[in-house]
Amino acid sequence: MIRHITAWPLLALALSGCATLSRVDVARDPLADFSGYATFAFHSPLGTDRADGTGTILSQTLRQATRAELEGRGYRYVEGDADLRVNFYIETREVIEGLRRPGVGIGYGVFHRHYRVWADYETDVRQYTEGTLHIDVIDAARGQLVWEGLAQGRLAEHDFAFARDEVAQAVVSVLAEFPVRATQD
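Per numbering that gives the first Met the number 0, the sequence shown runs over residues 0 to 184.
Written out as C-alpha cells, the structure is:
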C-alpha cells in the first residue's frame, strides 16, 4: 500500500535512516530542450505542504536545497513567471521481507532412547518502511513534466528525527544529473 505523506518528519526519517540511499534514479523528456530554460520557481502548493496549503518545514528545507543546486547549475530563481516549476512528492510503503537460513536440530527420543540430528530452516521476517522523495521539474509554458528524479531509502526506526543535512544531501544526489545551463544571462 502506498501513502502520500505531507509531513516533513517522514522524509527526514526516510533519509536519515540511511547512511546511503538505496536508489537514486532520474528520467528526462528526450524532446525537452534545456538550453531554452533560464529561470525556475516552485509549484504552489508543493506536494510536501499540508492539505490546507500550509508550508511545512520539510518543504522549506527542500526548497532551500533545490534552489542552491539549481542556482549552482546556472538557473535563476524567480517568484513570478518562470520557465520551470519544481514540485516535491513523498511516498512511503511497508516492506515485509523473509529470510530463510539453514539450521540444525538435535533431539533425544524418549521411546527409542537415542539422539537424533536433522537439518532445519529458520525464517526471519522483517518489516520496515521505505520512503521515496520525488523531485519533478515541469516546463511551465507547456505544463509538461520534463525531468523527474527520485531518492529511495529505508526509514529510520526513531520517529520525527528531523535531519536537515540528510534531506539536503538527498536533493544533491537526485539533482546531480540535472542539466547544467550552458549560457548565462
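C-beta: ideal position from N, C-alpha, C; glycine also. Note that the structure is a prediction, hence the values are computed from the model and not measured.
Check the Cβ-Cβ distances between residue i and every residue of chain C, and say whether any is below 8 Å.
| i | result |
| --- | --- |
| Gly-130 | In the structure shown, chain C does not exist; there is a single protein chain. |
Residue i lies in the beta strand (DSSP E); which residues open and close that run?
| i | result |
| --- | --- |
| Thr-47 | No beta strand (DSSP E) contains Thr-47, which DSSP labels as neither H nor E. |
| Glu-147 | 143-153 |
| Phe-41 | 38-41 |
| Val-179 | Segment: none, Val-179 is in no beta strand (DSSP E) and carries neither H nor E. |
| Asp-82 | From DSSP, Asp-82 is part of no beta strand (DSSP E); its letter is neither H nor E. |
| Asp-24 | 22-27 |
Quick test of your reading: residue i and residue j, contact by CB under 8 Å. State the CB separation rounded to the nearest angstrom.
| i | j | result |
| --- | --- | --- |
| Thr-91 | Leu-132 | Actually they are not in contact, since the Cβ atoms of Thr-91 and Leu-132 sit about 10 Å apart, beyond 8 Å. |
| His-42 | Arg-84 | 5 Å |
| Arg-27 | Val-179 | Between Val-179 and Arg-27 the Cβ distance is about 13 Å, and since that is not below 8 Å, they are no contact. |
| Thr-38 | Val-77 | 5 Å |
| Val-171 | Glu-68 | 6 Å |
Taking residue i as the reference, give the member of the options with the closest Cα.
| i | options | result |
| --- | --- | --- |
| Gly-130 | Gly-71, Ser-43 and Val-166 | Val-166 |
| Gly-46 | Pro-178, Phe-177 and Phe-87 | Phe-87 |
| Glu-121 | Gly-79, Gly-97, Asp-80 and Ile-105 | Gly-97 |
| Phe-177 | Asp-48, Gly-54, Gln-151 and Ile-137 | Ile-137 |
| Ala-140 | Asp-32, Gln-126, Arg-22 and Val-124 | Asp-32 |
| Ile-89 | Tyr-114, Ala-67 and Leu-61 | Leu-61 |
| Glu-147 | Gln-126, Asp-123, Ala-175 and Thr-128 | Ala-175 |
| Val-145 | Arg-22, Val-23 and Pro-29 | Pro-29 |
| Ser-21 | Thr-128, Val-124 and Gly-142 | Thr-128 |
| Asp-123 | Arg-66, Arg-75 and Pro-101 | Pro-101 |
On the criterion of 16 or more Cβ atoms from any shown chain inside 10 Å, does residue i qualify as buried, or is it exposed?
| i | result |
| --- | --- |
| Leu-149 | buried |
| Phe-159 | In this prediction, Phe-159 has a pLDDT of 49, which is less than 50 and means its spatial position is unreliable; nothing more can be read from the coordinates. |
| Leu-57 | buried |
| Asp-82 | buried |
| Cys-17 | For Cys-17, the pLDDT reaches just 44, beneath the cut-off of 50, and the residue's location in the model is therefore unreliable, leaving the point undetermined. |
| Ala-169 | buried |
| Val-103 | exposed |
| Gly-52 | exposed |
| Gly-35 | exposed |
| Asp-119 | exposed |
| Gln-151 | buried |
| Asp-164 | exposed |
| Val-173 | buried |
| Ala-50 | exposed |
| Asp-80 | exposed |
| Gln-105 | The question names Gln, but residue 105 is Ile in the sequence shown. So Ile-105 counts as exposed. |
| Tyr-74 | buried |
What are the start and end residues of the alpha helix (DSSP H) that includes residue i?
| i | result |
| --- | --- |
| Asp-164 | 163-174 |
| Ala-67 | 56-71 |
Answer yes or no: the CB of residue i versus the heavy atoms of the ligand MN, is any distance below 7 Å?
| i | result |
| --- | --- |
| Ala-118 | No copy of the ligand MN appears in this structure; indeed no ligand is present at all. |
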